[in-house]
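A.B. asks:
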Amino acid sequence: MEARADRSSRVRDGALVERAAGGDREAFDLLIGSRLDRLYRLAYSITRSELDARDATQDACVLAWRELPRLRDRDSLDAWLSQIVVNAARGVVRRTSRTRVRELSIDEETASGLPRAEPSVPAEADSFADSNAIQRAFERLDGRTRALLVLHYVEGSPLAEIAKASGSPLGTIKWRLSNARKALERALEAERR
Amino acid sequence: MSTPIRLTDAAITQALALPTDLRAPMGLSDQIRSAVAITPQRRGSVLGWRVTRRRAIVLRLALVAVALLVLGGLVLIVGSRRPPVVPPPPPPPTTSTYHGGFERNGLMPGPAVAGVPSVVWHQTVKGPMGAWSPVVLDGMVVVADRSGYVSAFNEVTGDQLWQQSVGAPINAGITVNAGLIIVGDDAGVVHALPLTGGAERWRTTVGAPVHSAAVVVGGTAFVGTTDGRLWALDAMTGTSKWAPVVTAGPISRAIAASGDQVFVGSGGATPAESGTLQAYDATTDALRWAAPVEPGNTSTPSVAEEVVFVTGGLDQTATGAHDLFAFNAGTGKPAWVAPFRAPSGKTLLVGAVAGGQVFALGTDGSMYVLDAVTGSEVWGAPIGSRQSPSAGVVNGSVYVTSDDRTVHAFDIASHQTLGEGWPIAVAGVPGSPAIVDGRIFVGTSSGEVLSIGGSGPSSSGAPLP
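Sequence lines, in order, name chains V and Y. To convert, take the position in the first sequence, counting from 1, and add 235; that gives the numbering used here. To convert, take the position in the second sequence, counting from 1, and add 42; that gives the numbering used here.
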């Protein structure tokens with residue numbers, strides 16, 4: 236039953252994509268309407284700001300409308316939309332971070348000299364305070380690093396899927412994720428000082 | 043001191059998880075609807091006829107049918123006639139300049155190096171060379187050095203053909219057009235020397251050092267000076283066509299051109315000097331548009347598919363932004379949602395633009411490859427050293443020289459490195475490559491000129507002699 240519903244939804248979406256790509260704004264509205272919450276949540280999880288997430292979602296949807304006729308693989312609409320939202324959110328983070336705090340990037344040379352967390356008495360970050368500290372540290376990161384952490388830890392996307400969506404080799408994504416975690420560690424350390 | 047937090051996967055997931063009831067805010071849907079209502083879609087068109095997907099299929103089928111008919115007709119005609127006359131080869135190019143051509147997008151004439159690269163010949167000139175690439179045309183390799191000499195070598199053998207002083211140090215790139223080498227010097231004079239050697243054809247005083255490379259559009263040579271003026275000189279006589287245009291600041295990188303537009307990046311070496319990219323009409327000198335970039339100098343613009351790519355924040359030591367921008371060549375409007383910045387925040391240069399990808403070279407030792415349409419990073423590769431300011435793209439491969447005296451090559455489609463980098467046994471730092479006739483030509487900071495060619499069937503990373 237579920238499979239049939241899924242198939243029927245895909246057929247309906249396929250027809251909407253065709254119509255929207257042909258310039259039908261109502262069809263585009265229907266396509267986006269059913270996905271808006273998901274796209275907004277994705278933008279919010281990267282920007283961590285309602286205003287910025289709103290901007291990023293709107294930018295992404297307008298870009299999606301503009302570029303939809305050029306989307307070749309119509310079945311990959313959701314992955315394509317997500318990638319556009321991620322890019323837009325990264326762009327918003329980049330713009331807004333210039334006027335807020337200095338970004339810590341995954342390759343920051345100067346940050347490599349920061350003292351690392353003491354590994355001897357680890358404590359699980361299961362408290363509210365710890366989660367808050369991690370969130371604040373996350374907000375110190377650049378857009379690209381945030382996006383990767385969100386896709387993996389919040390969206391639960393497998394690394395192979397992220398690699399495919401971004402067009403990067405799997406090894407590169409693994410390397411970037413490892414660097415992203417290190418950047419988060421450094422940001423957390425900076426946050427605690 | 044509080045207990046350090048252990049960053050487990052679960053801790054990150056828990057901290058970054060969103061409230062389950064988080065929804066898109068009220069009104070966002072309406073805002074998007076309003077924005078979409080005034081946004082045209084980008085689609086292909088044929089003579090104003092909108093190409094929908096269905097029409098595209100019909101069009102393709104029609105084209106295939108026509109092609110089959112034409113092919114059948116040709117077979118009949120050829121079968122009843124004498125062998126066809128081989129069409130003459132296309133005329134050889136008459137211009138050559140830094141970064142592959144006047145669009146400065148790094149597309150090289152090629153063909154690429156076949157097999158394992160090795161030094162074919164090695165020559166020395168009077169002084170060091172900067173980052174400018176040699177210029178290769180009509181079987182000659184021409185370089186200019188900081189001692190003020192222009193030197194020409196036989197492309198195949200490396201034999202020196204001639205050498206001539208212009209009387210002042212040269213920190214500018216060479217442009218060859220219609221048999222004349224056009225180059226400016228630090229004394230503020232632009233020279234035109236015959237490619238074949240001999241007396242200077244013309245010289246024009248422009249009043250300030252030239253640290254740029256000229257473009258020639260419709261017989262007019264555009265030259266930028268460090269006092270921020272854009273000169274338009276008759277390429278054959280050197281006569282100034284109109285009063286020089288005062289741009290937004292000093293010009294210290296190559297000028298680019300595409301169609302009837304000339305693109306100039308200007309700026310300065312301090313954060314106080316704003317960087318600007320400007321587009322001028324090549325026939326009237328009118329400013330068509332100007333776009334602010336970032337404080338500091340602006341890179342050589344690169345043009346491809348009606349988009350201009352440029353980086354900002356060059357040459358200034360204070361911490362500042364070093365982004366890569368994309369502008370619509372016709373309007374000057376940003377082509378990307380946001381400019382690209384390297385994760386390290388370090389300086390970027392546009393190495394090349396080819397096949398819908400931008401090859402950005404970072405002084406953090408990485409090459410970032412971006413989607414030219416969206417600006418999103420597609421792939422990248424560690425180079426391990428600060429690279430040359432430009433790369434060369436030939437036949438689906440991108441070549442980069444780095445200041446650790448290594449030539450790097452990557453297959454663009456597979457993102458694979460063609461070998462682990464080939465060391466070059468030279469004393470100086472290599473400048474930008476020119477890739478012509480299956481060889482890589484580079485000048486170095488210690489005054490060496492190299493021709494590197496392939497010497498075998500494979501492309502593994504064997505060291506150069």
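We put the CB at the ideal spot given by N, CA and C, even for glycine.
1) In angstroms with no decimal places, state the Cα-to-Cα distance between residue 78 (chain Y) and residue 147 (chain Y).
2) Cβ closer than 8 angstroms: which chain B residues qualify as neighbours of residue 366 (chain V)?
3) Just to confirm, are residue 477 (chain Y) and residue 152 (chain Y) a CB contact at a threshold of 8 angstroms?
4) In three-state DSSP terms, what is residue 195 (chain Y)?
5) With a cut-off of 8 angstroms, does the C-beta of residue 331 (chain V) fall near any C-beta of chain Y?
6) Using a Cβ-Cβ cut-off of 8 angstroms, state whether residue 282 (chain V) counts as contacting chain Y.
7) Can you give me the C-alpha to C-alpha distance between residue 221 (chain Y) and residue 180 (chain Y), rounded to a whole angstrom?
8) Among V:248, V:255 and V:273, which has the Cα closest to the Cα of residue 63 (chain Y)?
9) Taking all protein chains shown into account, decide if residue 281 (chain V) is buried (16 or more other Cβ within 10 angstroms of its Cβ) or exposed.
10) Taking residue 326 (chain V) as the query, report the chain Y residues whose CB atoms sit under 7 angstroms from its CB, ordered along the chain.
11) According to the Cβ coordinates, are residue 136 (chain Y) and residue 219 (chain Y) closer than 8 angstroms?
12) Kindly list, in the order they appear in chain V, the residues whose Cβ is closer than 9 angstroms to that of residue 295 (chain Y).
13) In chain Y, which residues lie less than 8 angstroms from residue 313 (chain V) when you measure between Cβ atoms?
14) Apart from the five residues on each side of it in sequence, which residues of its chain come closer than 8 angstroms, Cβ to Cβ, to residue 298 (chain V)?
15) Near residue 247 (chain Y), what residues of its chain come up, given a Cβ to Cβ distance below 7 angstroms and the 5 sequence neighbours on each side ignored?
16) Can at least three beta-carbon pairs, one atom from the region 235 to 255 of chain Y and one from the region 276 to 293 of chain Y, be found at a separation below 8 angstroms?
17) Leaving out the 5 sequence neighbours to the left and right, which residues in its chain are closer than 7 angstroms to residue 481 (chain Y) when beta-carbon positions are compared?
18) Please identify the residue among V:303, V:379 and V:308 whose C-alpha is closest to the C-alpha of residue 328 (chain V).
19) Quick test of the definition: if touching needs 3 or more C-beta pairs under 8 angstroms, does the region 408 to 422 of chain V touch the region 374 to 392 of chain V?
20) DSSP state of residue 119 (chain Y), grouped into three classes?
21) Comparing the C-beta of residue 78 (chain Y) with each C-beta of chain V, is any distance below 8 angstroms?
22) Under DSSP, the alpha helix (DSSP H) around residue 370 (chain Y) begins and ends at which residues?
23) Is the Cβ of residue 84 (chain Y) closer than 8 angstroms to any Cβ of chain V?
24) If we define contact as Cβ-Cβ less than 8 angstroms, is residue 374 (chain V) a contact residue for chain Y?
25) Determine the extent of the beta strand (DSSP E) in which residue 223 (chain Y) is found, giving its start and end residues.
26) From which residue to which residue does the beta strand (DSSP E) around residue 275 (chain V) run?
27) For residue 416 (chain Y), decide whether its Cβ has a neighbour in chain V, counting only Cβ atoms nearer than 8 angstroms.
28) Give me, in chain order, the residues of the same chain whose beta-carbon lies closer than 7 angstroms to that of residue 340 (chain V); leave out the 5 immediate sequence neighbours on both sides.
29) Applying a beta-carbon distance threshold of less than 8 angstroms, which residues of chain V neighbour residue 383 (chain Y)?
30) Thinking C-beta only, is residue 475 (chain Y) closer than 8 angstroms to residue 443 (chain Y)?
31) Buried or exposed: which applies to residue 249 (chain V), given that a residue is buried once 16 or more other Cβ atoms fall within 10 Å of its Cβ?
32) So is residue 247 (chain V) in contact with chain Y if we call contact Cβ pairs under 8 angstroms?
33) If I measure Cβ to Cβ from residue 291 (chain V) and keep anything under 8 angstroms in the same chain, skipping five residues before and after, which residues do I get?
34) From what residue to what residue does the beta strand (DSSP E) around residue 219 (chain Y) run?
35) Is the beta carbon of residue 258 (chain Y) less than 8 angstroms from the beta carbon of residue 305 (chain Y)?
36) For a contact meaning CB atoms closer than 7 angstroms, what does residue 457 (chain Y) contact in chain V?
C.D. replies: Reading from the atomic positions:
1) 33 angstroms
2) Going by chain labels, chain B is absent from the structure shown, which instead holds the protein chains V and Y.
3) It is a contact, given that the beta carbons lie within the stated cut-off.
4) strand
5) no
6) no
7) Just so you know, the alpha carbons of residue 221 (chain Y) and residue 180 (chain Y) end up roughly 9 angstroms apart.
8) Looking at the Cα atoms, V:273 is the closest of the given residues.
9) buried
10) Near residue 326 (chain V) (Cβ distances below 7 angstroms), the residues of chain Y are 379 and 380.
11) yes
12) In chain order: nothing, as chain V lies at least about 24 angstroms away.
13) The contacting residues do not exist; residue 313 (chain V) stays about 16 angstroms from chain Y at best.
14) Correct list, in chain order: 319 and 323.
15) 230 and 231
16) yes
17) 155, 162, 493, 494 and 495
18) V:379
19) yes
20) Collapsing the DSSP output to three states places residue 119 (chain Y) in a helix.
21) yes
22) Segment 366 to 370 is the beta strand (DSSP E) holding residue 370 (chain Y); no alpha helix (DSSP H) there.
23) Interface residue, yes.
24) no
25) 222 to 226
26) Taken as a continuous stretch (DSSP letters only), residue 275 (chain V) belongs to no beta strand (DSSP E), being part of the alpha helix (DSSP H) at 271 to 282.
27) yes
28) Reliability of the predicted coordinates at residue 340 (chain V) is poor, the pLDDT of 44 falling under 50, and the value obtained from them is presented with this limitation in mind. So the list reads 377, 380 and 418, once near-sequence residues are dropped.
29) 329 and 377
30) yes
31) Per the 10 Å Cβ criterion, exposed.
32) no
33) 278, 281, 282, 320, 323, 324, 326 and 327
34) Bounds of the beta strand (DSSP E) holding residue 219 (chain Y) are 217 to 219.
35) In this structure, residue 305 (chain Y) does not lie closer than 8 angstroms to residue 258 (chain Y) by Cβ.
36) 404
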